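Each step along the sequence shown adds one to the number in our numbering, with nothing skipped, and position 113 is 537.
To keep things clear, I will list the structure first and then write my remarks on it.
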Amino acid sequence: MIPDDDFIQTQGVPGPTKEEVRCLVMCKARISHDGTVVDVGCGSGGLTLESARRARKVISMDKNPEAIKLTRENLEKHGLSPKVQLMEGDALQVLEGVESFDTLLVGGSSGDLPLIIKQGYGKLSKNGSIVVTSILLETRVEAVNTLKEMGMTPDVVEVTIAKGKITERGTMMLGRNPITIISAVKK
Ligand code: SAH
């Protein structure tokens with residue numbers, strides 16, 4: 425995993441997804457080295473970079489031009505640009521032009537999560553995975569319901585990471601926001 429501090433970060437662009445959470449997302453995504461990953465809402469590129477280290481090809485999209493720019497900078501910094509195609513625009517429109525893929529990661533949806541999952545499912549290869557990372561209560565429920573609607577069995581994991589901060593008096597455990605990872609495999 426790439427340490428959080430090794431990402432260029434800017435105000436106004438969320439991410440990168442914290443290292444320990446990226447770890448879980450990669451575990452659930454089961455990325456194959458000859459597969460294609462689609463990252464919806466690439467933000468700072470946290471999941472895009474991790475995917476690029478594991479997959480043959482990554483297609484990443486974000487509706488925020490600043491996020492595309494930042495992801496590009498992070499890819500260049502880590503020498504991962506050649507594997508990644510960056511597309512600026514709203515997920516539903518961009519996904520229309522994308523051919524089939526093996527893994528769908530969704531980190532941002534702006535209210536369109538059910539439609540993004542349905543559209544993605546149509547282009548997902550057999551045995552391919554969908555992994556939704558959710559911080560909002562509402563998107564957790566939407567993700568579970570939509571994956572079930574598509575005939576899949578969602579796996580739901582919620583984690584609250586506490587990270588140790590070394591101080592003079594000892595190691596202070598600082599809690600981070602809970603995050604839910606909802607994943608499913610297409611049969
Ligand atoms: N996983 C990223 C952080 C994602 S933050 C990382 O590790 O760095 C969520 C991102 O989703 C934001 O940058 C936001 O602009 C984008 N987003 C939200 N809704 C979107 C949509 N409908 N289409 C494309 N991008 C979207």
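The C-beta atom is built at its ideal place from N, Cα and C for all residues, glycine as well.
Since the model is a prediction, treat every value here as computed from it, not as a measurement.
When the distance is taken between beta carbons, is residue j closer than 7 Å to residue i?
| i | j | result |
| --- | --- | --- |
| residue 507 | residue 530 | no |
| residue 473 | residue 426 | yes |
| residue 605 | residue 452 | yes |
| residue 533 | residue 494 | no |
| residue 528 | residue 510 | no |
| residue 446 | residue 470 | yes |
Does DSSP classify residue i as helix, strand or coil?
| i | result |
| --- | --- |
| residue 523 | coil |
| residue 562 | helix |
| residue 557 | strand |
Could you pull the start and end residues of the alpha helix (DSSP H) that residue i belongs to?
| i | result |
| --- | --- |
| residue 605 | It is not in any alpha helix (DSSP H) - residue 605 instead sits in the beta strand (DSSP E) that spans 603-609. |
| residue 544 | 537-547 |
Starting from residue i, follow the beta strand (DSSP E) in both directions and report where the run begins and ends.
| i | result |
| --- | --- |
| residue 595 | 595-599 |
| residue 590 | 586-590 |
| residue 514 | Per DSSP, residue 514 belongs to no beta strand (DSSP E) and is neither H nor E. |
| residue 579 | 579-583 |
Might you give, ordered along the chain, the residues of its own chain that have their beta carbon closer than 6 Å to the beta carbon of residue i, omitting 5 neighbours on each side?
| i | result |
| --- | --- |
| residue 505 | 499 |
| residue 444 | 585 |
Among the residues of its own chain, which have a CB less than 7 Å from the CB of residue i, if the five just before and after it don't count?
| i | result |
| --- | --- |
| residue 454 | 553 |
| residue 543 | 516 and 519 |
Completely contained beta strand (DSSP E) runs for the segment 438-508, where each covers 3 or more residues
460-464 and 481-486
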